[in-house]
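Trainee: Structure below; questions to follow.
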Amino acid sequence: MYFLGFSWNPDDTLFNLGILQIKYYNLLWIAAFAIGWYLMKKIFLNEKKSIEQLDSIFIYTVIATMLGARLGHVIFYDWAYYQNHILEILLPIRERSGSTLFGIINGYEFTGFTGLASHGAAIGIIIGVYLYSKKYSDMTMLWVLDRIVIPVSSGAFCVRLGNFFNSEINGKVVDKEFVFATKFIRDSDDMPASAVMQLTKENNVNAAYAALENNPKFANYLEAIPYRHPAQLYEGVAYIFVFLILYYLYWKTDKKDQPGFLFGLFLVLLWTIRFFVEYVKKSQGGFEESLGLLSTGQWLSLPFIAAGLFFMFRSKKA
């Protein structure tokens, strides 16, 4: 069966509350944390831990994830831009000519917290868990990591689904007849917002993209946008299986009693998936041009895979 070319052109904003925009991407991040809290609550109750301890680790994890993901993107992928836009590193805004932030500040637009790197999030979570385990002596760092990777793997799916709604982290160009071929009309490289607004003469981004897709006079421009692999969905669906494997091993086997095994398995599975999906993902920038051979995401995945193998074999020896 062929989908024969699927066009994807959703408004990334679900609805507006006055000047505040509620975006799919941000809601899916909230869903990731909500699901994570629920899963960790089940685990903590099973392990006879208190809800107060759960609330504490939740706060540590949220802060560490967001800071790590943001700084990871800035440092690994786009330092050339952010070294001249320091204010934008931790604020959900971006400089754009002709835009007005909240109708007050000219030259900026509200973007939500986009530009987040999973490698940075992983490092942030590990640091956050280390700090947390120092506070609670009855839980070692590996004990927490072996359990927190279960909700993290489910959250990874939510994040990639958010990327799909944002039409970001898309795949490489593919033939229209490919079963999963997707035309990302809002792709920032193929048809950036500034270009479509100039083309259609619309003064609203959503109206401009709607005109591009539906107005026959722009048919040639629409046809020129290539079909791509929906790499976000490949990755996200694979993460569901990582979650199911870890969930099963925790509840149905004694692997949780081997310190570091579940954490190591998570690192191996998740970053191996990321490594291979990179082959069909368009370049995200970073330092790949200087190193060559592999993409930035692949280079960053290799240390995590190696660390995962170390913890898995270490747990067996223990």
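When you line the sequence shown up against the numbering used here, it's residues -18 to 299, in that order. Beta carbons are placed, not taken as given, at the ideal position from N, Cα and C, and that holds for glycine.
(1) To the nearest angstrom, how far is it from the Cα of L225 to the Cα of V133?
(2) For Y111, I'd like the list of residues in its chain whose CB is within less than 7 angstroms of its CB, leaving aside the five on either flank, ordered along the chain.
(3) Might you give, ordered along the chain, the residues of its own chain that have their beta carbon closer than 7 angstroms to the beta carbon of H210, omitting 5 neighbours on each side?
(4) Put R295 into one of helix, strand or coil per three-state DSSP.
(5) Compute the Euclidean distance between the alpha carbons of A288 and G53, then round it to the nearest angstrom.
(6) Is the segment 140 to 147 touching the segment -12 to 8, taking contact as three or more C-beta pairs under 8 angstroms?
(7) Between P173 and the rest of its own chain, which residues show a CB-CB distance below 8 angstroms, the 5 nearest in sequence each way excluded?
(8) If you count every other CB in all the chains shown that lies within 10 Å of the CB of E33, and 16 or more means buried, which is it?
(9) Assign Q279 to buried or exposed, taking buried as 16 or more other Cβ atoms, counted over all protein chains shown, within 10 Å of its Cβ.
(10) Would you tell me roughly how many angstroms separate the C-alpha atoms of H100 and P240, rounded to the nearest one?
(11) Provide the residue span of the alpha helix (DSSP H) that contains L68, from first to last.
(12) Kindly provide the ranges of any alpha helix (DSSP H) runs that are 4 or more residues long and lie completely inside the segment 93 to 163, ordered along the chain.
(13) Could you give the distance in angstroms between the alpha-carbon of I104 and the alpha-carbon of G49?
(14) Look up N185 in the DSSP assignment and give the residues it is bridged to.
(15) Taking just the CA atoms, how far does F222 sit from G109?
(16) Return the residue from the list S282, K29, F294 that minimises the CA-CA distance to F57.
(17) Does the Cβ of K164 have 16 or more other Cβ atoms within 10 Å, making it buried, or fewer, making it exposed?
(18) Taking Cβ to Cβ, would you say W18 is nearer than 7 angstroms to F39?
(19) Only counting runs of 3 or more residues, tell me where the beta strand (DSSP E) segments fall wholly within the segment -2 to 50, in order along the chain.
Mentor: On the basis of the supplied data:
(1) Cα to Cα, the separation comes out at about 12 angstroms.
(2) Excluding sequence neighbours, Y111 sits near M122.
(3) Around H210: G152, K153, V155, F161, V261.
(4) In the structure shown, R295 sits in a helix (DSSP, three-state: H, G or I).
(5) A288 and G53 have their C-alpha atoms spaced approximately 18 angstroms apart.
(6) Taking a contact to require three or more Cβ pairs closer than 8 angstroms, the segment 140 to 147 and the segment -12 to 8 qualify as touching.
(7) So no residue of the chain qualifies.
(8) The residue is exposed, with fewer than 16 neighbouring Cβ atoms inside 10 Å.
(9) Classification of Q279: buried, given that the 10 Å Cβ count is 16 or more.
(10) Cα to Cα, H100 sits roughly 23 angstroms from P240.
(11) Taken as a continuous stretch (DSSP letters only), L68 belongs to no alpha helix (DSSP H), as it is neither H nor E.
(12) Annotation: the segment 93 to 163 contains the following complete segments of the alpha helix (DSSP H) (minimum length 4 residues), in chain order: 99 to 116, 122 to 146.
(13) The straight-line gap from Cα to Cα measures roughly 6 angstroms.
(14) In the DSSP output, where bridge partners are listed per residue, N185 has none listed.
(15) For G109 and F222, the distance between alpha carbons rounds to 25 angstroms.
(16) Distance check between F57 and each of S282, K29, F294 places S282 closest, using alpha-carbon atoms only.
(17) With a threshold of 16 other beta carbon atoms within 10 Å, K164 meets it and is buried.
(18) Contact flag set, yes.
(19) Listed in chain order, they are 1 to 4.
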